[in-house]
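> Before anything else, here's the structure in question.
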Amino acid sequence: MLSLKLQFTLFFLFFVIVLYSFVIITTLQQLRGITETISAELGLPVVKETAALIDGDAFESLSKTLDPQDPYYEKAMLQMLDIKRASSCIYLYTMAQVGDTTIFRYIIDGSTTPDDRENFSPLGMEEDIRKYSKPVLQALKTKTFQVSGIDYSDQWGWVISAYGPILNSGNEAVGIIGCDFKAEHVYERLWVRILRHLILSVIFVVFGFVAYLYMVNGVNRQNQRLIELKEAAETVSRELQDERDTIVAMKDAIRVGLFLMDKNFIIQDHYSRYMETILDIKDLQGKKFTDLLADSIPPEGMARLIEYFVLLFNRSRISDHARRMLENINPIRELVYQSPETGKEKILQWTFAPLDRGQGKLFILGSIQDITRENELAQQLAEEKRKNRPKRRKIP
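Numbering (our numbering), first residue to last: 95 to 490.
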């Protein structure tokens, strides 16, 4: 078994590691979010400007013929090249989807001139965009402009992209416009900040650990006392748990339904389980008490019942005499109850009392008894007495 000192030490180290891991992760997420926002502000205007000059019908025709001699191909390529050179993006291009797959064909590439074989994507060249297909397909499906997260590519390194749909005259998305930006400088600054946090973390841990060891020396003298207190607390806890278990067992064994409801008439947890038997309804916690009686009380009776509950909740605002009268004006002292789930009828006896737990927490304590059998026996007894009553003789 680990000593108390070692347990505290391990906890201290674990706390420091978790704390600074959280700081680093939060810093990373914040920088990613800031970078994506900035890139969106830079990329979306470029994509929208390009979308404004692309002829959707001509683009659709070109994506089907893949004819490099099409006059529109060169015209659009030069226009896109001008936009690209006026911006800070590294690639500006258009693509068309091949069937219902993640394979796309490059149609018009405005990133550079065709003689730049390393960076130019010729008409009809195919690429599987599976790794970054989500924003592209989203742009096609929703016909909206999208921005990707920061992605890494062996060919381009860290980049972030903006995408927009190309629409034909029928307002159909026939392709996408893509615009890529480099993001290496962001990650460089990110790692500088992370290393700075790590260094500060190490310094903090060293000084904190030294101070911690100094304080722990005093704690060691109290170890035995703490152990004794811990054992005493465990004993008291077990006794309290036994008492709670006994109370719960008594509550669940009693043949009376007990429950609490709040100002919205919502039944709280820890009601006596016998309530489920009386009401023929399972899982009463969170259900509205007045809804359970909807099939048993007419609307005008429900209104009187709610007024009665309001009086109970506002008992502090009424006179002592009126408070004593509350029990006598209970509109459902005895009620023919019909279960909303089974339709079965019973005669139930209801009592209610206000309960103030302080700090504005007001509840109504309700109790229910099933007196169906008692009523039946009383009726049978009355009937037997009536039958056995001697008849009076007529006086001549």
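For every residue, glycine included, the Cβ atom is placed at its ideal position computed from N, Cα and C.
Note that the coordinates shown come from a computational prediction; the quantities given were computed from them, not determined experimentally.
By DSSP, does Leu378 sit in helix, in strand, or in coil?
Coil.
> Within the same chain, show all residues whose beta-carbon is closer than 7 angstroms to that of Lys481, passing over the 5 residues directly before and after it, in chain order.
Result list for Lys481: empty, nothing under 7 angstroms.
> Counting only the same chain and skipping the five closest in sequence on each side, list residues whose C-beta sits under 6 angstroms from that of Asp222.
The residues are Thr196 and Ile197.
> So, is Pro259 buried or exposed, given that buried needs 16 or more other C-beta atoms within 10 angstroms?
Counting Cβ neighbours within 10 Å, Pro259 comes out buried, since at least 16 surround it.
> Just to confirm my understanding: we take Val350, look at its own chain, exclude 5 residues before and 5 after, and list those with CB closer than 8 angstroms. What are they?
Here the set comprises Ser366, Tyr368, Ser461, Ile462 and Gln463.
> With a CB to CB cut of under 8 angstroms and the five nearest residues on each side skipped, what residues in its chain are close to Gln473?
Around Gln473: no qualifying Cβ.
> Give me the Cα-Cα distance between His364 and Phe353, rounded to the nearest whole angstrom.
About 7 angstroms.
> Alpha carbon to alpha carbon, how far is Arg179 from Leu156?
Approximately 24 angstroms, taken between the alpha carbons.
> Report all residues from its chain with a CB closer than 8 angstroms to the CB of Thr384; omit the five preceding and five following residues, and keep chain order.
Counting only Cβ-Cβ distances below 8 angstroms, and skipping sequence neighbours, we find Phe359, Met396, Leu399 and Ile400.
> Using only alpha-carbon positions, find the residue among Ile202, Ser181 and Gln232 that is nearest to Lys169.
It is Ile202.
> Near Ala152, what residues of its chain come up, given a Cβ to Cβ distance below 7 angstroms and the 5 sequence neighbours on each side ignored?
So the qualifying residues of the chain are Tyr166.
> Looking only at its chain, what residues have a beta carbon closer than 7 angstroms to the beta carbon of Gly204, apart from the 5 residues adjacent to it on each side?
Closer than 7 angstroms at Cβ, skipping near neighbours: Met171, Met174, Leu175, Ile177, Lys178, Leu186 and Tyr187.
> Report the rounded CA-to-CA distance for Leu294 versus Gly218, giving the unit in angstroms.
The alpha-carbon atoms of Leu294 and Gly218 are separated by roughly 53 angstroms.
> To the nearest angstrom, how far is it from the Cα of Glu112 to the Cα of Ile119?
Note on identity: in this sequence residue 112 is Val, with Glu being the wrong assignment. So the two alpha carbons sit approximately 10 angstroms from each other.
> Assign Lys455 to one of two classes, buried (16 or more other C-beta atoms within 10 Å of its C-beta) or exposed (fewer than that).
Result: exposed.
> Let me know if Phe403 comes out buried or exposed under the rule of 16 or more other beta-carbons within 10 Å of its beta-carbon.
Burial call: buried.
> To the nearest angstrom, report how far apart Ile441 and Lys357 are at their CA atoms.
Approximately 26 angstroms between the Cα atoms of the pair.
> Compare the beta carbon distance of Leu136 and Phe239 with 8 angstroms and say whether it is the shorter of the two.
Against a cut-off of 8 angstroms, the Cβ pair of Phe239 and Leu136 comes out as no contact.
> Report whether the distance from the Cβ of Leu420 to the nearest heavy atom of the ligand FMN is below 7 angstroms.
Ligands in the displayed structure: none, and consequently the ligand FMN is not present.
> Please look up how many angstroms separate the CB atoms of Pro448 and Leu406, rounded, as I've assumed it's under 8 angstroms.
That pair is a contact at about 5 angstroms.
> Using C-beta distances below 6 angstroms, list every residue in its chain close to Gly452, excluding the 5 sequence neighbours before and after it, in chain order.
Result list for Gly452: empty, nothing under 6 angstroms.
> Please name the residue or residues paired with Glu221 in a DSSP beta bridge.
Paired residue(s): Phe198.
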